[in-house]
Each structure stands twice: as structure tokens, then as C-alpha cells.
């Protein structure tokens, strides 16, 4: 599935320039390309949710601003795969199979949420649970002292085996 260049340009405006608060992406009418359907700088999350159609899938990116436990303001970008239960089967299948084409091109996504109804995309229940602890730029990366490294050997036939520690 092709991703329109505008998708990446608008995403960069959200990520780097903070021009937009959210972007909603859709497939074009022939299901051959992912395009920008809507972009907005409105801060109201409920307004954002109201822009998601009740019967059709969409992809969305939302710039979540939250306060860490230390009191500092942070921003993280959330990718939402919106697939309502009552969407047509063909739409669900095409959106599911084309999601990675868009998702992989959007560098800097902190969290991905799969939602099939509005309660699964609710700000309090779904988004904030990912940000309940202070996050750093390396929140998904463990420090070397937190890692337990095990070594593996691979035999000539490609079978891995754990080395004695």
C-alpha cells in the first residue's frame, strides 16, 4: 500500500513544529493509497474522537501532552488504529493489511492503540495508562544493569541452544 507524501509531511509538522495536535488518515476511494483526511490543532480530545467515523476504519496520530510525576510537561505521540466493529469486512481487512505501511513510516511513535469502539480510545482509560509514570526518551530501553544477558549458540543446522552460564 502506498503512503502519500503528504502523510509524512503533515506528520513531521505535528512532531517537530507542533503545528497540529492530531492527524486522521484514510484510504483513498480506490483503496490504493493512504492519504491525510483531516488535521487539526484543536486540543480537545473529545473533538478528535468525534472526527472518527462510527462505521469506517481510520488511522490517527495524536500528540498527547501529560505531566510526569516530577511535574514536568511531556509530549508523546500515539498512533491509533481505529477499526469499529460495525465496519464492513472488506474495509477492516484492507485497513489491517495496510497499517504497517503507514505505521513504519512514522518515526517517533511512542504508543500504539488498537480501538474498535470509543471506550477503547478513551483518553482516561487507554492513553493515560501508558503515561502514568514519568517517561524519559529511553523509557522503552533498559539500562545495562537491568538486562540479564544470556548467550546462545547456533548449531550448523540453525538450531539455537543456550550456552552454560
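In this note's numbering, the protein residues as written are 32 to 196. Built from N, CA and C at the ideal position, the CB exists for glycine as well. Given the structure is predicted, the values throughout are model-derived calculations rather than measurements.
Give the DSSP bridge partners of residue i, in chain order.
| i | result |
| --- | --- |
| residue 34 | 65 |
| residue 94 | 108 |
| residue 58 | 65 |
| residue 78 | Paired residue(s): none; residue 78 is not in a bridge. |
| residue 134 | In the DSSP output, where bridge partners are listed per residue, residue 134 has none listed. |
So, with DSSP's three-state summary, where would you put residue i?
| i | result |
| --- | --- |
| residue 40 | helix |
| residue 153 | coil |
| residue 71 | strand |
| residue 120 | helix |
Mind reading off the beta-carbon distance from residue i to residue j? Whole number of angstroms is fine, and I expect it under 8 Å.
| i | j | result |
| --- | --- | --- |
| residue 68 | residue 56 | 6 Å |
| residue 46 | residue 139 | 5 Å |
| residue 141 | residue 111 | At roughly 12 Å, the Cβ-Cβ gap does not stay under 8 Å, so residue 141 and residue 111 are not in contact. |
Find the nearest neighbour of residue i within the set the options, judged by alpha-carbon distance.
| i | options | result |
| --- | --- | --- |
| residue 92 | 44, 36, 53 | 53 |
| residue 133 | 78, 148, 65, 43 | 65 |
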